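Some notes on the structure that comes next.
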Amino acid sequence: MNASALLEMLIGLAGSSRLAEQLAAFQPRLTLPLLKELIGRTMAVASREPHVALSMADLVTAVAIRLNTDEARGLADWTQGVALNAAGFYADSLKHNLRAEAVFRRQANLARVAGLQINRVATLRNMGAYHDAIILAAEAQETLAQLPDANLLYRAILADNVGWAHKQTGAMETALRCYQEARALYDDLGHTVSRASAVLMTGLIRLQQGAYAEAEAHLQEAHASFLAADVPQEAARAEVNLGLLAHQRGDHLAALRYLEAARGRFVRANDALDVAEADLHRALVYQDLNLLPEAIQLAQTAERVFRQRHDRGQEIEAIITRAQALRASGQLRLADRQMSRARRRLRQLGALPALYRLDVARAALALDAGRVDTARRIGQRLQRLPDLAAFPLLRLKLHLLLARCALAAEPPRRDVAAVQCVRGFDLAEALGVSDLLVPLYHVRGQVRQLDGQPDAAQAAFQAAMRLIERQRLLLQVDDLQLHYLADKLPVYQADVDLAHRLSRAEPARLPRLAVSLNLSHTAPFQSGGDAPTDGKDTLGQELNALRARWAWLQRQRDRAWPAAETAAAGHGDAAGQLETMHTLETQIADLVQRRSVQQAARVNAALPDVDAALPDAAAYGRLLRAALPAAGALIHFYEAQGQCHALLLTADGFQQAPDLCSTAWLAQFIRAWRFFVTRLLGRVTTDADAWTTAHGYLAALHARLVAPLRPYLDGVRRAAVVMPPAWHPLPLAAAYDGARYWVEGLSLAYVTAPDVLLQRSEVVADAGGGAALLVGHGANGRLSHTAREVAAVRRALPPVWQATAYVDEAATLAAVRAALPGSRLIHVAAHAVFRPDNPLFSWIGLADGQLTLADVAHSRLAARPLVVLSACESGRGVPRGGGMAGMARSFLAAGAAGLIVSQWQAEDAVSARLMGAFYDVADWLTDPALALGGVQRGLAREGVQPALWANYVYIAG
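For the sequence shown, the residue numbers in my numbering are 1 to 957.
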């Protein structure tokens, strides 16, 4: 066997239990040149496949032990240090490097000593010991100066590594010079990959300095070089930084797509450290999108990985990211503890840029907690720091913070806010960061209001909303849009409050109020669909596996399943099981979002035109008026300054009904009404008492919300109703004037926003048939009328409908999921559970599991069906981003043209009667709201308790 064959055989034995035996057999043929060849092969794979390098480094050590010389042992320790550093085991890497350095110092081999010092610089910078790295780099420079010839490669590597340490300590210009030197040296050496790495770092520094165009050019150049050289992990690092750039520019979808691409490459390379870094950056984007549970879990998981790998710098970044997400979710005390912990560690490391960023976050936390003076003191101290000039984005955030502090002072210091706002605008416009322009415009609007300039204030609010709408449309997926808007609603509410006040004095401004109100709700819907971007759909497979696990745990919690099954499976700890489910739900939610991003349009899609979202007020009023049906009206209930008001649009134009009642009264009414319905269905109250109580509530509702509108609704027979999501449970159809319910005079259709009238997203106008999916599940006998309801619906459908019914055991998840996309009618009679803590996991019970909103939202209802959910609380939701996160919105986002849902608990027998009668109405498909209103009028005339039929509403989206 020649030397080459022996080398390949030994490499094949790396990590094998037979290695020691074979080394003993080939002992005479083990030589120092062979060892050096093994070392070269190990170094070649270290950056691309660190786990392989670790195994080969162990092989090098085993051969060195057989050779039993100082040089062999020193080279083996050097190799172990490189492999361990590449794999993220930094403390162990330092030990091996120091041992090797001691060997070569004894031999007076300064070239190898310099190389090992440079390796230790790299490891120290990776650990976050930046000052130690800079000090050691100076020693390495002295060692290199003693060498008889200039070692260009060592000089380049040293400049590369110390550049990072300078960047982390805030010496940006010094860092830039280091990377420029490294780039020139790699050019001379012809090392294209290393040169690209220096270009990448130059781009990252320019990014932190706010030179976004230059940063993008460097990052794209590096990315192209890595791809051309076929080094996917390095290409992934470029993608991480391109994602960071897109994030800072406010293009969240592009950021997530870059990060998803990078994460995939890291996973394929089996590099847990880099996967954690990609996930940490995703957590930052999620935080800006208000996907807070997912952001917290991603940051926490990344923190564990960084701690295990002794990467102190990244571990602290993960702590800060989690703290900021905790702050955004309202967990201020926990966030404060995490920030204090991170600050102590940053001071030890001397990582000034990260320390400054953290202090801005601490000031924002203090402001959120009402500690205005504390927030202002922190901000003013930071503003006095001379080296803050190198961080324009940080200065911008500081100006915004101090402006908010000035407005929160008692009395507000509008002059200070105005100055800080102007300075912030100068930086924001230079940087092109739209996400920070939004709060700046909000502050400007508040300042203009304090100055008594309402028109200028409206212009500022509108500028903010224009930017928000552009970003919302870029996100393309409804759930992402809802979350993104969650913390932007104060801008919309400020605009509504001002438009309301101005229109009270000048009715000619009512069309402008209509535009403001329309913007305060989110429409149109963006459907994610269920088509993967490639044939593999790896995320879909992961998602299905997690869903199956979640469904199994959910069954254990369902009382209908035998307790013995739970005990036998070893899940008796209810608290532990619940925690496991919550963890699974967050993981599933993350995968759902990742899949949404994967299925959305490309990063370089054309920027959306927001003119349609912010139309001319007069023109918008004319369009809405023209879209009204005959004898129709639009009634928009809204909140302004703590009161409920209504804006009405009829053939006669806009009218305003102000000060109907306080929002506090409405909230109390909804709570009391829900309590009454619960007692009614629980048979806690007598029939006579129930009628008295119901009519008392409904008369009070009529007196406050309906009676003041009647002068404007003469001749109106149908109304489209819009209201804030939190008010949806109001039993408007049953509002009672002492003789009649409101639905007896007109039919009501709920719409998610006035824009729905313009988009004509109601059910298609022809009554032709199609595929009908009928699902009934009796919840293991708890709902006795579901099978009869499905049978009645099937009988009522004309022959042009191809009805497929799945009842009880036949109503499986697979059958229902397969039938959803092609159905033009979807009718479900089953038990449903709404999860206010996590609406994505609200569900409809089927034979073998739960159809969750995560399933529904990622279906594509291509036939634009009418969906009828004859199930308890199927219309409930959680107000989020101007919409209502719940079953109804998930079906609308998936493509439904309209829904009939229940706003509170339903009574099985009455629901079955109502649904059977609904399909007997001739125009149930072409005008569901009119058909439903007719059925409800019939039940009212028959003397059915209104709480048992007013729960059903028609919603168009």
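Using N, Cα and C, we set each Cβ at its ideal position, and we do this for glycine too. This structure is a prediction, so every number in the text was calculated from the model and none was measured.
Rounded to the nearest whole angstrom, the CA to CA distance from Gly264 to Asp132 is 34 Å. Residue Asp279 holds the alpha-carbon nearest to the alpha-carbon of Gln297 among Asp279, Leu289 and Ala494. Here the alpha carbon of Asn290 sits roughly 10 Å from the alpha carbon of Gln481. Listed in chain order, the alpha helix (DSSP H) elements of length 4 or more contained wholly in the segment 715 to 773 are 755 to 759. When the five nearest sequence neighbours on each side are left out, the beta carbons in the same chain lying within less than 6 Å of the beta carbon of Val305 are those of Ala272 and Ala276, in order along the chain. Taking 9 Å as the cut-off, the beta carbon of Ala956 is found closer than this to the beta carbon of Ala929.
Counting other Cβ atoms within 10 Å of its Cβ, Asn85 reaches 16 or more and is therefore classed as buried. Assigned with DSSP and collapsed to three states, Cys661 falls in strand.
Taking 9 Å as the cut-off, the Cβ atoms of Arg384 and Pro439 do not count as close. Bounds of the beta strand (DSSP E) holding Phe637 are Gly632 to Ala640.
Leu820 places its beta carbon less than 9 Å from that of Val856. A distance below 9 Å separates the beta carbons of Tyr258 and Leu242. The DSSP assignment places complete beta strand (DSSP E) segments of no fewer than 3 residues inside the segment 788 to 858 at 802 to 807, 825 to 829, 843 to 846 and 849 to 852, in order along the chain. Look at Pro411 here: in three-state DSSP terms it is coil, with no helix or strand label. Cβ contact annotation for Leu67 (same chain, cutoff 7 Å, sequence separation greater than five): Leu30, Leu32 and Leu35, in chain order. By DSSP's assignment, Arg880 forms a beta bridge with Gly883. The three-state reading of DSSP puts Gly653 in strand, counting E and B together. A direct Cα-to-Cα measurement between His51 and Asn270 gives close to 8 Å. A contact is defined here as three or more CB-CB pairs under 8 Å, and the segment 669 to 680 fails this definition with respect to the segment 710 to 717. Secondary-structure assignment with DSSP links Cys178 through no beta bridge to anything. A direct Cα-Cα distance of roughly 18 Å separates Leu427 from Gln380.
Contact between the segment 892 to 901 and the segment 768 to 778 is absent: fewer than 3 CB-CB pairs across the two stretches fall below 8 Å. DSSP lists no beta-bridge partner residue for Gly370.
In the structure shown, His281 adopts helical secondary structure according to DSSP, grouped into three states.
Sequence-distant partners of Ser874 (beyond 5 residues in either direction) whose C-beta falls short of 6 Å from its own C-beta, in its chain, are Ala832, Met887, Val901 and Ser902.
Residue burial annotation: Pro490 is exposed, with fewer than 16 other C-beta atoms found within 10 angstroms of its C-beta. Pairing His728 with Arg876 gives a Cβ-Cβ distance under 9 Å. Rounded to whole angstroms, the Cβ separation of Gln556 and Gln577 is 7 Å, and the two are in contact under 8 Å. Taking a C-beta distance under 9 Å as the contact criterion, Leu748 and Gly933 qualify as a contact pair.
Contact between Ala871 and Ala815 fails: their C-beta atoms lie close to 18 Å from each other, not under 8 Å. Residue pairing by DSSP places His247 opposite no residue, since no beta bridge is assigned to it. Sequence-distant Cβ neighbours of Arg413 in its own chain, meaning closer than 7 Å and more than five residues away, are Ala406.
Restricted to the segment 406 to 473, not a single beta strand (DSSP E) segment is unbroken, complete and at least 3 residues in length.
Residue range Leu489 to Ala505 is occupied by the alpha helix (DSSP H) that includes Ala499. By the 16-neighbour rule on beta-carbons within 10 angstroms, Ser784 is exposed. It is roughly 19 Å from the alpha-carbon of Leu124 to the alpha-carbon of Ala182.
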